[in-house]
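Engineer: Numbering (full-length UniProt numbering), first residue to last: 1 to 160. We put the beta carbon where it would ideally sit given N, CA and C, even for glycine. If you're wondering where the values come from, they're calculated on a predicted model, not measured in any experiment.
(1) Let me know if residue 99 comes out buried or exposed under the rule of 16 or more other beta-carbons within 10 Å of its beta-carbon.
(2) What is the residue span of the beta strand (DSSP E) that residue 50 lies within?
(3) Am I right that residue 61 and residue 96 are in contact with their C-beta atoms under 8 Å? What's the rounded C-beta distance?
(4) Am I right that residue 104 and residue 131 are in contact with their C-beta atoms under 8 Å? What's the rounded C-beta distance?
(5) In whole angstroms, what is the alpha-carbon distance linking residue 135 and residue 57?
(6) Between the segment 66 to 74 and the segment 87 to 95, do three or more beta carbon pairs fall short of 8 Å?
(7) Report back the beta-carbon spacing between residue 40 and residue 28 to the nearest angstrom; my notes put them in contact at under 8 Å.
(8) So is residue 128 in contact with chain D if we call contact Cβ pairs under 8 Å?
(9) On the DSSP letters alone, give me the boundaries of the beta strand (DSSP E) that residue 77 sits inside.
(10) Quick one: give me the first and last residue of the beta strand (DSSP E) that residue 136 is part of.
(11) On the DSSP letters alone, give me the boundaries of the alpha helix (DSSP H) that residue 64 sits inside.
(12) Would residue 31 and residue 82 qualify as a contact pair, given that the criterion is a beta-carbon distance under 8 Å?
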């Protein structure tokens, strides 16, 4: 049994085979550089993303706050965020993220990527309207394989 929990809605992950497209951007927010490296490798093995890593949630938030409506197309399509981080944790990030302008919220899909298996934390993540899924770390190819492409450019996947 894999350590994976999630239900995804309205998340489009461009597969590596979509060579006709410019890579979309993905933000990977985790304070552990080694974890970011591993997750970058796993994501890159299956999906076509320009991955931007942040070891501080506050830096990722500052980057998102700097975008203007004219730059909306440059925003990340997906944001993976860890919960347990120093300084600004994932909960603080989500609280501030929800205050961002609508053009940011409409473009970015947030998935919590955390080492917790605590059901209360998973339920807490689901209380945020901006959170589209929850995956227990470490991110694996199996977890990504659970995300299936839908004909409407949205994906729905779950694996227990």
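Structural biologist: According to the structure data:
(1) exposed
(2) 49 to 54
(3) 5 Å
(4) Not a contact, Cβ separation roughly 15 Å.
(5) 18 Å
(6) no
(7) 7 Å
(8) This model lacks chain D altogether, as it is built from one protein chain only.
(9) It is not in any beta strand (DSSP E) - residue 77 carries neither H nor E in the DSSP assignment.
(10) 131 to 136
(11) 57 to 65
(12) yes
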